[in-house]
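K.L.:
Handing you this structure, nothing more for now.
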Amino acid sequence: DIQVTQSPSALSASVGDRVTITCRTSQGIRNNLAWYQQKPGKAPKLLIYDAATLQSGVPSRFSGSGSGAEFTLSIISLQPEDVATYYCQKYNSAPWSFGQGTKVEI
Amino acid sequence: EVQLLESGGDLVQPGGSLRLSCAASGFTFSNYAMSWVRLAPGKGLERVSSIASGGSTYYADSVKGRFTISRDNSKNILDLQMNSLRAEDTAVYYCAKVGPPPVGYYDSWGQGTLVTVSS
């Protein structure tokens, strides 16, 4: 199985900072990667799919990039409501694994 | 608007059984693959089981042989029968809709139902 490694596991930043989260896979997966945001006590929410396509309704301060085996999620100006855990997920082939998650705090 | 409403979560003893259901609305249920994804305390998201529009199924190794996923396209219902439950099955279970074929990301999620396995 292709392994998915997300880093860092947690980060703390200030309001207005740029935040970057990285997801690496053990083999290339083309652009078959999604990013989710999960706030405490809430369901996950799709932010980005196909590595860089913003889901409808998601603020433009979120962006995704990368292809092959290295991907990033960026928040260009962190807001208080962005406090959450973020997950990447590969879906090129089964199993559709998630990364370990990155907890973002302010 | 897509809506997914899970039910059936409860406190159950180890070795017990539980059936989760997910009522779907707002989209053509029969056209989409569906999954159960769980979030255990202190852990990350884990895909538990999936069922394609055509009925083919997937199970994580951790639940294979114990859980059974099914769907009723006439009632827009997704089910998960969980047998031989273990403490490590304790989690919030989410029903999730897979995006347009052939993709494998989840574009809609239910609010989750809590399963606690404990004596």
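Protein chains in written order, with our numbering: chain E, 1 to 106; chain F, 1001 to 1119. A virtual CB, placed ideally from N, CA and C, is assigned to each residue, including glycine.
1. Does any C-beta atom of chain F lie closer than 7 Å to the C-beta of E/G101?
2. Tell me whether the beta-carbon of F/V1002 lies closer than 7 Å to the beta-carbon of F/Y1094.
3. Between the stretch 1013-1028 of chain F and the stretch 1095-1111 of chain F, can you find at least three pairs of beta-carbon atoms closer than 8 Å?
4. Out of curiosity, what's the CA-to-CA distance linking E/A69 and F/S1119?
5. How do the stretch 1059-1071 of chain F and the stretch 1108-1118 of chain F stand: do at least 3 beta-carbon pairs fall below 8 Å, yes or no?
6. Can you confirm whether E/Y86, when its beta carbon is compared against all beta carbons of chain F, has any partner nearer than 7 Å?
7. Report buried or exposed for E/R30, applying the criterion of at least 16 other Cβ atoms within 10 angstroms of its Cβ.
8. By the three-class DSSP mapping on this structure, what secondary structure does E/D82 have?
9. Please report the distance separating the alpha-carbon of E/Q3 from that of F/G1044.
10. I'd like the span of the beta strand (DSSP E) that includes F/W1036, first residue to last.
11. Quick check on DSSP: helix, strand or coil for E/S26?
12. So does F/W1109 have its beta carbon nearer than 6 Å to some heavy atom of the ligand GTP?
13. Per DSSP, what kind of secondary structure is F/F1029 in: helix, strand or coil?
14. Give me the chain E residues within the contact set of F/Y1093, using Cβ-Cβ distance strictly less than 8 Å, ordered along the chain.
15. Could you give the DSSP three-state label for F/E1001: helix, strand or coil?
16. Which of the residues in the stretch 1101-1112 of chain F, read from start to end, lie with their CB under 9 Å from any CB of chain E?
17. Please confirm whether E/W35 has its beta-carbon closer than 7 Å to some beta-carbon of chain F.
18. Could you name the residues of chain F that E/L46 contacts, counting a contact when the two beta carbons are closer than 9 Å?
P.N.:
Looking at the atomic coordinates:
1. Translated into positions along the first sequence, residue 101 of chain E becomes position 101. Any Cβ of chain F closer than 7 Å to the Cβ of E/G101 would place that residue at the interface, and such an atom is present.
2. For the purposes of this step, residue 1002 of chain F is taken as the residue at position 2 of the second sequence. For the purposes of this step, residue 1094 of chain F is taken as the residue at position 94 of the second sequence. Going by C-beta atoms, F/V1002 is not nearer than 7 Å to F/Y1094.
3. Yes: the two stretches touch, three or more of their Cβ pairs being nearer than 8 Å.
4. In the first sequence, counting from the first residue as 1, residue 69 of chain E sits at position 69. In the second sequence, counting from the first residue as 1, residue 1119 of chain F sits at position 119. Computed Cα separation, rounded: 43 Å.
5. The answer is no - the stretch 1108-1118 of chain F does not touch the stretch 1059-1071 of chain F, with fewer than three Cβ pairs under 8 Å.
6. One-based indexing of the first sequence puts residue 86 of chain E at position 86. Closer than 7 Å: no.
7. If you number the first sequence from 1, residue 30 of chain E lands on position 30. Around the beta carbon of E/R30, fewer than 16 other beta carbons sit within 10 angstroms, so the residue counts as exposed.
8. What you label residue 82 of chain E is simply residue 82 of the first sequence in a count that begins at 1. Annotated three-state conformation of E/D82 is helix, per DSSP.
9. Within the first sequence, numbered from 1, the residue matching residue 3 of chain E stands at position 3. Within the second sequence, numbered from 1, the residue matching residue 1044 of chain F stands at position 44. If I take the Cα positions, the gap works out to 14 Å.
10. Taking the second sequence and counting its residues from 1, the one referred to as residue 1036 of chain F is at position 36. F/W1036: member of the beta strand (DSSP E) spanning 1034-1039, first to last residue.
11. Numbered from 1 along the first sequence, position 26 holds the residue referred to as residue 26 of chain E. Three-state result, E/S26: coil.
12. Here there are no bound small molecules, and the ligand GTP is not part of this structure.
13. Numbered from its first residue, the second sequence carries residue 1029 of chain F at position 29. Assignment of F/F1029 by DSSP, reduced to helix, strand and coil, places it in the helix class.
14. On the second sequence, residue 1093 of chain F is found 93 positions in, with the first residue counted as 1. Ordered by position in chain E, no residue passes the 8 Å Cβ test against F/Y1093, which lies about 11 Å from the chain.
15. Walking along the second sequence from the start, residue 1001 of chain F turns up at place 1. Looking at F/E1001 - three-state DSSP - the assignment turns out to be coil, as it is neither helix nor strand.
16. Here the close residues are V1103, G1104, Y1105, Y1106, D1107, S1108, W1109, G1110, Q1111, G1112.
17. Counted from its first residue, the first sequence places residue 35 of chain E at position 35. E/W35 does not count as touching chain F.
18. Here residue 46 of chain E corresponds to residue number 46 of the first sequence, with the count starting at 1. In chain order: G1099, Y1105, Y1106, D1107, S1108, W1109.
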